[in-house]
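Residue numbers (the working numbering): 11 to 233.
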Amino acid sequence: MAQVGYEPLGAMKAYGAKGAGCELMEMQPPSVTPGKCVVRVAAVGLNPTDWKHVGNNLHYYTTTKATEKNPVILGSEGSGTVEAVPEGESSFSVGQKVWFMGRKTCAEYALIEKDHMAAAPSQMSMEAAGCTPLGLLTAYQSMKQAGYSEEGCARGQRILVHAGAGGVGHFAVQLAKIYGFDEIVTTCSRANEDFVKQLGASAIVDYKTEDFVQKYADSKFDA
Numbered sequence: 011m012a013q014v015g016y017e018p019l020g021a022m023k024a025y026g027a028k029g030a031g032c033e034l035m036e037m038q039p040p041s042v043t044p045g046k047c048v049v050r051v052a053a054v055g056l057n058p059t060d061w062k063h064v065g066n067n068l069h070y071y072t073t074t075k076a077t078e079k080n081p082v083i084l085g086s087e088g089s090g091t092v093e094a095v096p097e098g099e100s101s102f103s104v105g106q107k108v109w110f111m112g113r114k115t116c117a118e119y120a121l122i123e124k125d126h127m128a129a130a131p132s133q134m135s136m137e138a139a140g141c142t143p144l145g146l147l148t149a150y151q152s153m154k155q156a157g158y159s160e161e162g163c164a165r166g167q168r169i170l171v172h173a174g175a176g177g178v179g180h181f182a183v184q185l186a187k188i189y190g191f192d193e194i195v196t197t198c199s200r201a202n203e204d205f206v207k208q209l210g211a212s213a214i215v216d217y218k219t220e221d222f223v224q225k226y227a228d229s230k231f232d233a
């Protein structure tokens, strides 16, 4: 029997679109299914994929248009507390704080695949955890595909990270530091120089006044 930590709701609130821009709507809350847990959402990160889908009234990963009877719900990541788990599930328990990637997360409750969530880091606020998974995973996958995925694996090498103060870039700078790059150069505005250097950047290219191609024409990067 499924473990449930909340009384069934008549309806829950969610942000999405029915064909004419974003709005707050009411809908039925999800129920547990095999391999998926119900999470009470605490915080959600919004990304370009979200506003692009809602702005074009399209459902995620398809070309299906949002309608009154088939609205699109915002959200691809978040954090929260597990409220219900399917029968036999031992990886997560009711009341556990988690962060996750999924669909329709900009709602009071979200149905999340157990393989797409993990225990939330205790040193992070739920707000910070909720806007981390998508950007961090994008940075991690990009660097792994380039051959970097272990602590210290890039010693003796140099890397150029574009948009080091951005949603993906600021994670890439931190990963580059962990991987041990001797020099971490990133593009950003002069106003964000202190921020990216606190994350691990050793030098910046001010994209407003400098051309990174010309600046490093005679100084090749490894990544």
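All residues carry an ideal CB built from backbone N, CA and C; glycine is no exception.
Integer-rounded CB distance, given that LYS46 should sit under 8 Å from ILE8: The structure shown does not extend to residue 8, since the chain is modelled only from 11 to 233, so the question has no answer here.
Simplified DSSP state of TYR150, which is helix, strand or coil: Per DSSP, reduced to three states, the secondary structure at TYR150 is helical.
Using only the alpha-carbon positions, how far apart do GLU203 and ALA233 sit? 21 Å
GLN184, buried or exposed, once every other Cβ within 10 Å from all chains shown has been counted against 16: With at least 16 other beta carbons inside 10 angstroms of its own, GLN184 counts as buried.
Between ALA120 and VAL51, is the Cβ-Cβ spacing less than 8 Å? The answer is yes: Cβ separation under 8 Å.
Using the Cβ count rule (16 or more neighbours within 10 Å means buried), how would you classify TYR71? exposed
Evaluate THR77 with the Cβ neighbour count: other Cβ atoms within 10 Å of its Cβ, from every protein chain shown; 16 or more gives buried, anything less gives exposed. exposed
Alpha carbon to alpha carbon, how far is ALA138 from ASP125? 21 Å
Since ASP125 is in the beta strand (DSSP E), which residue starts that stretch and which ends it? Per DSSP, ASP125 is not a residue of any beta strand (DSSP E), being assigned neither H nor E.
Can you tell me whether ASP60 is buried or exposed, with buried defined as 16 or more other CB within 10 angstroms of its CB? buried
For ALA117, tell me which candidate among MET153, GLY174 and GLY26 has the shortest Cα-Cα distance. GLY26
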